[in-house]
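S.K.:
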Amino acid sequence: MTYQNRLSDLLHDPGWSLPTWPQEQALARIRRAARRQRLVAATLSASAAVVVAAIVAVPFTLPRLAQSPRPVPSPRLAPSPVVPAVGSAGFPANIYPAAITPHGTASGLGACPAPTGLQPAGLATPAAALAVLHHLDSGLAHQLRLTDRSAWPLLTASGRRAATMRALRSGLTLPYSGPLRAGVGELAAVRRAVTVACGRRVMRSTWVIVSLLRGRPSGDAELLFLTRRGHLLWYGMQ
Amino acid sequence: MADSRTGPDGFGDFVAAALPGLLRFGHVLTGDPREAEDLVQEALARSLRRWRWVRGEDAVPYVRRAMVNTHISRWRTWQARVRLGTPPDDCADDPGLRRSEEWDLLRRALAQLPVRQRTVIVLRYYEDLPDASIAELMGCTSGTVRSQAARGLAALRPLLEPGLAGVVPKARRTSTVQGGASR
Chain A
1 MTYQNRLSDL LHDPGWSLPT WPQEQALARI RRAARRQRLV AATLSASAAV VVAAIVAVPF
61 TLPRLAQSPR PVPSPRLAPS PVVPAVGSAG FPANIYPAAI TPHGTASGLG ACPAPTGLQP
121 AGLATPAAAL AVLHHLDSGL AHQLRLTDRS AWPLLTASGR RAATMRALRS GLTLPYSGPL
181 RAGVGELAAV RRAVTVACGR RVMRSTWVIV SLLRGRPSGD AELLFLTRRG HLLWYGMQ
Chain B
1 MADSRTGPDG FGDFVAAALP GLLRFGHVLT GDPREAEDLV QEALARSLRR WRWVRGEDAV
61 PYVRRAMVNT HISRWRTWQA RVRLGTPPDD CADDPGLRRS EEWDLLRRAL AQLPVRQRTV
121 IVLRYYEDLP DASIAELMGC TSGTVRSQAA RGLAALRPLL EPGLAGVVPK ARRTSTVQGG
181 ASR
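Chains A and B supply the protein sequences, listed in that same order.
The opening residue of the first sequence carries number 1 in this note's numbering; numbering runs sequentially from there.
The opening residue of the second sequence carries number 1 in this note's numbering; numbering runs sequentially from there.
Written as structure tokens, this is what we have:
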């Protein structure tokens, strides 16, 4: 038997078999993935359309800007949706306390979660974090319930950020999901940044999901979650 | 007519029939059971979105092509950022599967190959595709396929031969050696 034949035999070894999925579960799983793919495609198309529109609009807009002293309002400066105040109905202050200002700007976090009521990750955290990630592209009211107040500006201030969130939720794969404190490699840098900006208590309560996605120069994004009084909340992205 | 439980015409039947082979192909291609499942899921989802056109031709080659392309493009994204470790000695994916020591040896040897070499080896010796088809599938020339295959074989030979020399193929001993993710 030649070396190649032996290799071929081994590649057909029954050891490569994997348990198949039950029919109903398989179809549900495939349909969910197809929905995610459609969403990513739609998001990318919309982003491309915005870029094309911007490219087309610039030559027309610039001369007018030069002629007119009146400032042209940017669509990104449009008023943000009003978010519930601290302690308002449906958003108890012990679960959605006011965000705090981060130390320094190196972390990239615009605000930090308040350290009150934080709990360590538990057995249910991995599934809960994925569930939150899964629902992050729903309506704003639902998004607010799933996120810490420190992340609300991301949800309300910029359509671009929201589009990024939808893309994140449709990430191709999740290479890592675990406590931030245990993260190594690039996660160590994220851990340091969160510690410096938001404090050790927030860092120690943080669960991170690394989402691998297309269209982002760095190739992946670290999504940060925390648990406060039994509620898992998304609070930022690196 | 689409059925809410089975998807568009014939898709449910196709999945039921093709899934074991696709999972197996994904496992050979990636060396990681979870990665294989993810790859199959993404490729089947893509074929579901295009089922109206896919079902007209042979759907299995379409899905396998999607798996190869997705696998290579994922690797391109990760290549510069993540260096995967060697497969772990013990990682439970399915304790019920009995796997040979030779299989485990090959799994470990394949895991050390760059992804394009591994893909060429799998397509050539598992799928039995000619070099021209592999080149078309991977978007490269036949010469590149041949050189990747030669490098892959050269790398596998020293890794496999010492182990294979000591294992008699006639009476293949089995042990519960489990495949595993390398993360």
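Note that the Cβ used here is the ideal one computed from N, Cα and C, for glycine as well.
Compare the C-beta of residue 34 of chain B against all C-beta atoms of chain E and say whether one is closer than 7 Å.
M.R.: Within the model displayed, chain E is absent; protein chains A and B are what it includes.
S.K.: Any Cβ of chain A within less than 7 Å of the Cβ of residue 44 of chain B?
M.R.: yes
S.K.: In chain B, which residues lie with their C-beta within 8 Å of the C-beta of residue 209 of chain A?
M.R.: The premise fails here: residue 209 of chain A is roughly 13 Å from chain B at the closest Cβ pair, so nothing lies under 8 Å.
S.K.: Please state whether the Cβ-Cβ distance between residue 26 of chain A and residue 15 of chain B is less than 7 Å.
M.R.: yes
S.K.: Give the DSSP-derived three-state secondary structure of residue 228 of chain A in the structure shown.
M.R.: Strand, per DSSP.
S.K.: If you run the structure through DSSP and keep just helix, strand and coil, what is residue 96 of chain A?
M.R.: Coil.
S.K.: DSSP three-state call for residue 172 of chain A: helix, strand or coil?
M.R.: In this prediction, residue 172 of chain A scores a pLDDT of 49, lower than 50, which makes its location untrustworthy; the coordinate-derived value is nonetheless stated afterwards. Coil.
S.K.: By Cβ distance below 6 Å, which residues in the same chain neighbour residue 81 of chain B in space, the five residues on each side in sequence not counted?
M.R.: Bear in mind that the predicted position of residue 81 of chain B carries a pLDDT of just 38, short of 50, making it too unreliable to give a figure here.
S.K.: For residue 250 of chain A and chain B, any beta-carbon pair shorter than 7 Å?
M.R.: Residue 250 of chain A lies beyond the residue range present for chain A, which begins at 1 and ends at 238; the question has no answer from this structure.
S.K.: Could you have a look at residue 147 of chain A and say whether DSSP puts it in helix, strand or coil?
M.R.: In this structure, residue 147 of chain A counts as strand in the three-state DSSP scheme.
S.K.: Thinking residue 118 of chain B and residue 110 of chain B are a contact (beta carbons under 8 Å), I'd like their distance in whole angstroms, please.
M.R.: 5 Å
S.K.: Distance cutoff 7 Å, beta carbons only. Does residue 71 of chain B sit that close to anything in chain A?
M.R.: no
S.K.: According to DSSP, is residue 221 of chain A helix, strand or coil?
M.R.: strand
S.K.: Under a Cβ-count criterion, where at least 16 other Cβ atoms within 10 Å of its own Cβ denotes burial, should residue 152 of chain B be classed as buried or exposed?
M.R.: buried
S.K.: Could you please give me the residues that DSSP links to residue 242 of chain A through a beta bridge?
M.R.: Residue 242 of chain A is absent from the model: chain A starts at 1 and stops at 238.
S.K.: Along chain A, in chain order, which residues have C-beta atoms closer than 7 Å to that of residue 60 of chain B?
M.R.: Against chain A, the beta carbon of residue 60 of chain B has no neighbour under 7 Å; the closest one sits roughly 15 Å away.
S.K.: Helix, strand or coil: which one does DSSP assign to residue 25 of chain A?
M.R.: helix
S.K.: So residue 125 of chain A and residue 207 of chain A are supposed to be a Cβ contact under 8 Å. How far apart are they, rounded?
M.R.: 5 Å
S.K.: How is residue 113 of chain B classed by DSSP in three states: helix, strand or coil?
M.R.: coil
S.K.: Select from B/131, B/17, B/126 the residue whose C-alpha is nearest the C-alpha of residue 29 of chain B.
M.R.: B/126
S.K.: Going by CA-CA distance only, name the one from A/204, A/237, A/231 that's closest to residue 96 of chain A.
M.R.: A/231
S.K.: Taking residue 68 of chain B and residue 138 of chain B to be in contact with their CB atoms under 8 Å, please state how far apart those CB atoms are, rounded to whole angstroms.
M.R.: Their Cβ separation, rounded to whole angstroms, is 7 Å, which keeps residue 68 of chain B and residue 138 of chain B in contact under 8 Å.
S.K.: Give me the Cα-Cα distance between residue 88 of chain B and residue 24 of chain B, rounded to the nearest whole angstrom.
M.R.: Low confidence applies here, because residue 88 of chain B scores a pLDDT of 41, under 50, leaving its location unreliable and the question unanswered by this model.
S.K.: DSSP three-state call for residue 15 of chain B: helix, strand or coil?
M.R.: helix
S.K.: Are the C-beta atoms of residue 12 of chain B and some chain A residue less than 7 Å apart?
M.R.: yes
S.K.: From this set, B/41, B/11, B/106, B/143, which residue's C-alpha is nearest residue 7 of chain A's C-alpha?
M.R.: B/106
S.K.: CA-CA distance, residue 46 of chain B and residue 28 of chain A?
M.R.: 14 Å
S.K.: Whose CA, out of A/222, A/11, A/9, A/83, lies closest to the CA of residue 143 of chain A?
M.R.: Minimum Cα distance to residue 143 of chain A is reached at A/83.
S.K.: Residues of chain A with CB closer than 9 Å to the CB of residue 68 of chain B, please, in chain order.
M.R.: The premise fails here: residue 68 of chain B is roughly 15 Å from chain A at the closest Cβ pair, so nothing lies under 9 Å.
S.K.: Checking contacts by CB at 7 Å: is residue 20 of chain B closer than that to chain A?
M.R.: yes
S.K.: What is the residue span of the alpha helix (DSSP H) that residue 137 of chain B lies within?
M.R.: 131-138
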